[in-house]
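Convert by adding 429 to the 1-based position in the sequence shown; the result is the number in my numbering. No residue lacks a Cβ here, since even glycine has one placed at the ideal position from N, Cα and C. Take a look at the structure set out below.
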Amino acid sequence: MAYASGGGSSLKFIVVGDLNNDASLDIVLANYGTGNLGVLFGYGNGNFENQMILSNGWNPHPTSITIDDFNGDSIVDIAVADYDRMYVDMLLGNGNRSFESRTSKGISLDSRLLAMASGDFNNDKRSDIVIIYDGMDKLSSAHRTKIVQPAGIHLN
Numbered sequence: 430m431a432y433a434s435g436g437g438s439s440l441k442f443i444v445v446g447d448l449n450n451d452a453s454l455d456i457v458l459a460n461y462g463t464g465n466l467g468v469l470f471g472y473g474n475g476n477f478e479n480q481m482i483l484s485n486g487w488n489p490h491p492t493s494i495t496i497d498d499f500n501g502d503s504i505v506d507i508a509v510a511d512y513d514r515m516y517v518d519m520l521l522g523n524g525n526r527s528f529e530s531r532t533s534k535g536i537s538l539d540s541r542l543l544a545m546a547s548g549d550f551n552n553d554k555r556s557d558i559v560i561i562y563d564g565m566d567k568l569s570s571a572h573r574t575k576i577v578q579p580a581g582i583h584l585n
C-alpha cells in the first residue's frame with residue numbers, strides 16, 4: 430500500500446508511534462520540500478487514514494522528528510528539527526488527534542540539526558532529546574530538568 434505525500438514534497442524522516450492513544454500505530458512524516466508534517470493515523474490493521482497536514486509552511490526544512498511526552502501531561506507530543514532555523518519546534522498533543530500551536534526551542538550552537546531522538550536518558554521519568562548536528566562531531570542532549578552543555582534545550 431502506498432500513500433502520496435503531496436506535490437512538491439521531499440520526504441526526509443519518518444517516525445512511528447501511537448499519537449492518539451488508541452493502541453494503533455500512527456505515522457508522522459517530515460515533508461522537507463513543502464515544509465510541513467504529514468500525519469497518518471493508523472487503523473491497527475495495516476491501513477491508515479489519509480494524510481493530515483500539520484502547520485503548513487512554519488518549518489522551512491524539517492529534517493528529523495521524534496515523538497514523546499515532552500511536557501509531562503501523559504499525551505504524546507511531536508518535536509521537529511528545523512534544519513535552516515536551527516530550532517526544535519514542539520507540537521504539543523491534545524490526545525484527540527490534534528496538536529496545539531508550535532513552540533520553538535532554540536539551540537545554543539551555531540550549527541544545523543541533522544537528526545534527533547528522544548527517551549528518558551537520565552532516569553528522571555521525563556522525556557529528553559539527543560541531537561546530532563550537520564558537520565560536527567558532537568552529540569548534544571536536552572533534559573527537561575536542566576540545560577546540558579555544550580548545546581542544551583530547556584524543554585519545560
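I need the straight-line Cα distance from residue i to residue j, nearest angstrom please.
i	j	result
Ile-560	Ile-496	14 Å
Val-517	Ser-439	19 Å
Met-481	Ser-540	31 Å
Ser-556	Phe-499	6 Å
Asn-474	Ala-544	30 Å
Phe-550	Lys-441	25 Å
Ser-453	Asp-563	33 Å
Asn-523	Ile-504	7 Å
Asn-465	Val-445	17 Å
Ile-443	Asp-502	24 Å
Asn-476	Lys-554	33 Å
Ser-530	Ala-510	16 Å
Asn-594	Gly-548	Because the chain here runs from 430 to 585, residue 594 falls outside it and cannot be looked at.
Asp-455	Leu-469	6 Å
Phe-528	Asp-506	8 Å
Asn-479	Met-515	30 Å
Leu-483	Gly-467	6 Å
For residue i, does the three-state DSSP call read helix, strand or coil?
i	result
Thr-463	coil
Leu-521	coil
Lys-554	coil
Ile-504	coil
Ser-547	strand
Leu-454	coil
Going by alpha carbons, who is nearest to residue i out of the options?
i	options	result
Tyr-472	Lys-441, Leu-458 and Asp-447	Asp-447
His-490	Gly-462, Asn-525, Phe-477 and Gly-548	Gly-462
Val-457	Leu-520, Tyr-512 and Arg-514	Leu-520
Tyr-512	Leu-542, Ala-546 and Asn-552	Leu-542
I'd like to confirm the pairing. Which residues does DSSP put opposite residue i in its beta bridges?
i	result
Pro-491	Asp-511
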